[in-house]
Amino acid sequence: MQKTWLFLDFDNTLMATEQFGVPTLIERFNELYSHLIKRKLTLVEFKQHFHGQARETLCENMSKYFNIHVDYAVLYDAREWRMMQYLQQLHEGVPMAPNLIETLTKLISHNTILSFVSNNPIQRALTAMRFATNAQGDRLASFFGTRFFEAGDAQKPKPDVYLRAMAQVAADPQKCFAVEDSITGVTAAIQAGITTFGFTGFADEPTQMKTKLLEKGCVEVFNDWKDFQGIYDVYKKA
603 MQKTWLFLDF
613 DNTLMATEQF
623 GVPTLIERFN
633 ELYSHLIKRK
643 LTLVEFKQHF
653 HGQARETLCE
663 NMSKYFNIHV
673 DYAVLYDARE
683 WRMMQYLQQL
693 HEGVPMAPNL
703 IETLTKLISH
713 NTILSFVSNN
723 PIQRALTAMR
733 FATNAQGDRL
743 ASFFGTRFFE
753 AGDAQKPKPD
763 VYLRAMAQVA
773 ADPQKCFAVE
783 DSITGVTAAI
793 QAGITTFGFT
803 GFADEPTQMK
813 TKLLEKGCVE
823 VFNDWKDFQG
833 IYDVYKKA
């Protein structure tokens, strides 16, 4: 059975974390900068212009968009600790994508090597897994072994995090695949030369997002992880 490598985005691809992370970041931004832009940044506006972005890249693009200086150190001050506390206090926990565990289990049994690739800190993802609504976070984390890769200094849409991950796991570039939920992530994966699938299971407007992801270069877009096995099998045999 041939070996393949599957690189997975985390936020809103595996777990519905953006609904918690983005609003708290917007709230912090408005506390610091609403008086400079003469209004409050909304969730709709954020998703329209900054979907999938994080950290330094996000601050750079916010600075350009609003024509102000958005200070990364200030906006993100103690952010990860605040996020850990916030996620712990959620009464119902953090939702995991339906049918994810079952599908990934089958993929692993078919000689697929999974890697985690995210713009956001690994510890935030692990916190979300820890408080998963289905209590399957430990199992999800175990699927990746030591293959956790954080974009760090070169955020998506730059391809660096994918290129570094591929090098670290000694992947055959011709047998690499990725799943992303945003234009930002898809751009990074495709620029790294990876066949990329889009996921819309947590999208506000799945049909519109599907169109955007296909236009950006995704070979297929799916809405439920139970459908992914069949899609993946077709492309890994191509």
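Per my numbering, residue 603 is the first one in the sequence shown, and the count goes up by one each step. We put the beta carbon where it would ideally sit given N, CA and C, even for glycine. If you're wondering where the values come from, they're calculated on a predicted model, not measured in any experiment.
Query	Result
Quick one: grab the DSSP three-state call for residue 720.	strand
Taking buried to mean at least 16 other C-beta atoms within 10 Å of its own C-beta, is residue 810 buried or exposed?	exposed
For residue 720 and residue 638, I'd like the C-alpha separation in whole angstroms.	31 Å
Compare the C-alpha of residue 776 against each of 727, 700, 838 and 623 and name the closest.	838
With distances taken from CA atoms, which of 707, 703, 646 and 625 is nearest residue 681?	625
Checking 8 Å against the spacing of the C-beta atoms, do residue 787 and residue 679 come in under that value?	no
Compare the C-alpha of residue 605 against each of 744, 763, 771 and 781 and name the closest.	771
Where do the N-terminal and C-terminal ends of the alpha helix (DSSP H) with residue 683 fall, by residue?	681-691
Among the candidates 609, 617 and 759, whose CA atom is the shortest distance from the CA of residue 701?	617
What ranges does the beta strand (DSSP E) occupy inside the region 723-786, keeping only unbroken runs of at least 3 residues that lie completely in it?	750-752 and 778-782
To the nearest angstrom, how far is the alpha carbon of residue 782 from that of residue 603?	26 Å
With a CB to CB cut of under 7 Å and the five nearest residues on each side skipped, what residues in its chain are close to residue 630?	677
Quick one: what's got a C-beta closer than 8 Å to residue 649's C-beta in the same chain, skipping five residues either side?	624 and 806
Below 8 Å between beta carbons: does that hold for residue 751 and residue 767?	yes
Just the C-alpha distance for residue 636 and residue 621, rounded to the nearest angstrom, thanks.	21 Å
What are the complete beta strand (DSSP E) segments, minimum 3 residues, inside the region 779-827?	797-801 and 822-824
Do three or more CB pairs link the region 684-699 to the region 728-741 at distances below 8 Å?	yes
By Cβ distance, which residues of its chain are closer than 6 Å to residue 659, with the 5 residues on each side in sequence left out?	757
Beta strand (DSSP E) containing residue 610: first to last residue?	606-610
Mind reading off the beta-carbon distance from residue 729 to residue 685? Whole number of angstroms is fine, and I expect it under 8 Å.	7 Å
Measure the alpha-carbon distance for residue 813 versus residue 668 and round it to whole angstroms.	28 Å
Can you grab the Cα-Cα spacing for the pair residue 800 / residue 613, in whole Å?	13 Å
Give the straight-line distance between the Cα atoms of residue 779 and residue 725, rounded to the nearest whole angstrom.	24 Å
For chain C, is any of its Cβ atoms less than 8 Å away from the one on residue 788?	Of the protein chains in this structure there is only one, and it is not chain C.
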